[in-house]
Structure formats: structure tokens, C-alpha cells
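Worksheet for the structure shown next.
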Amino acid sequence: MGTNGSTMLEPLRQGLPPLDPATVSDAASCALPPRYEAVREARQFTRGTLDQWHMGERFDDICLVVSELVTNALRHGLPSVNGHRPAQDPPVRLHLMRWTERLVCAVRDPSHDSPVAGDSDDFSAESGRGLFLVDSFADSWGWHPLAGTLSGKVVWALFRVPPASGGAPASDR
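Okay, structure coming up:
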């Protein structure tokens, strides 16, 4: 009935993460420059934030997902005019938000196009696997268009995490 492959990640448009923003216990965000070094900056920001929140043990999975979301935003979410990217302030932004037993990574970009999981012939086989990785490592993910004065969309991934204790156990490091 549908096309093979592209239905695997449906429904892509899941709206907002199933969490109340008013109950967030920690939040951090950073603006990312419109160049590929931004992926490294996003990883460093994520590492520092997770260490601060005593969640370093989930760094590998979360960082992989952050890298994919930021790479997708840079590759597909930035408009290109005659090969030059127009200045938008900031074009891509990474948000990390923590609830008692959940962590959400959200990446905002100026594009209104929905994320597409590797069913396009326009890209080499190298690309298009990112959303499958996000789907594999995160507990859930989705996207939603921005409303109001902000244009573009947010793609988010949710991780279940153990509740934060008073501090990091001494045996962790």
C-alpha cells in the first residue's frame, strides 16, 4: 500500500514531547554556527551539560543522537542562496531539557520541511541513515513546526534516564 522503507519511521510528526515544559528541572541551550564544526561544538556542549547534571553515563547514546540531529539541521535545514547561507540569528539552536526521569534533546532550524528518513535519491547512501540512528538510540522522537514569530521547526529526541540522585556516586569516575 505505501512505499517500502519510508513508512518504517511513521508517524514522523509526533508534535511536542509528552512532557510539561513547566515541570522541567534543568534546561540549557546553545546557538550553533552554520558550519560543520558546529557538530563538534554541540557534542562539547552536550558533554559539559550532562556532566553538570550527573548524567555522563548516557553521554555516548545522547551525543550520537545530538550529532545526527545537528548534522541534519545543517545539511537540510539551512536555506542556501547562490551557494551562500543567509545570516539568521541563530540559524540552528540545540536545547537540552531534563525532567525527573526524562531528557529531551531538541534542535531548531529555519526550514519548514519535515525530516525525511533516507527515502530520497538525491543523497548518497552515506546520508539518510541519521534518523534511523535517532530512532534506534532514543526512546522516542518527533518534530513540530514553530509557531508565532519563530519560523522553522524543532526535531526532538527523548531519553528515559534514571532519576537524579543528590549527586554523582563516588564510584562513577
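So in my numbering, the last spot in the sequence shown is 239, and the numbers never skip. Glycine included, every Cβ here is placed at the ideal spot set by N, Cα and C.
| said: Please report the straight-line C-alpha distance between proline 84 and valine 220, rounded to a whole angstrom. | reply: 14 angstroms
| Do the segment 201-221 and the segment 172-180 meet, that is, are 3 or more Cβ pairs less than 8 angstroms apart? | yes
| query | Span of the alpha helix (DSSP H) holding histidine 142? | reply | 125-142
| task | Could you tell me if proline 87 is buried or exposed, where buried requires 16 or more neighbouring beta carbons within 10 angstroms of its beta carbon? | result | exposed
| said: Quick check on DSSP: helix, strand or coil for arginine 168? | reply: strand
| Since glutamate 134 contacts proline 229 with CB under 8 angstroms, what's their CB separation in whole angstroms? | Incorrect: roughly 26 angstroms between the Cβ atoms, too far for contact.
| leucine 199 to proline 157 span [Cα, whole Å] | 24 angstroms
| query | What is the residue span of the beta strand (DSSP E) that alanine 223 lies within? | reply | 219-226
| field | Cβ neighbours of leucine 98 in the same chain (closer than 7 angstroms, five flanking residues each side left out) | value | Ala104, Glu107, Ala108, Val136, Pro156, Val158, Arg159, Leu160
| query | At what residues does the beta strand (DSSP E) containing alanine 93 begin and finish? | reply | 92-98
| Proximity of leucine 162 and threonine 89 at Cβ, strictly below 8 angstroms | no
| task | Grab the span of the alpha helix (DSSP H) containing serine 202 for me, first residue to last. | result | 196-203
| When the distance is taken between beta carbons, is tryptophan 209 closer than 8 angstroms to aspartate 201? | no
| message | Just to confirm the assignment, what range does the beta strand (DSSP E) spanning glycine 208 have? | response | 206-211
| query | So alanine 108 is in the alpha helix (DSSP H); what residue range does that whole segment cover? | reply | 103-118
| Who does valine 182 pair with in a DSSP beta bridge? | Beta-bridge pairing links valine 182 to no other residue.
| said: Please report the straight-line C-alpha distance between tyrosine 102 and leucine 140, rounded to a whole angstrom. | reply: 7 angstroms
| Are arginine 164 and serine 95 touching if we call contact CB-CB under 8 angstroms? | no
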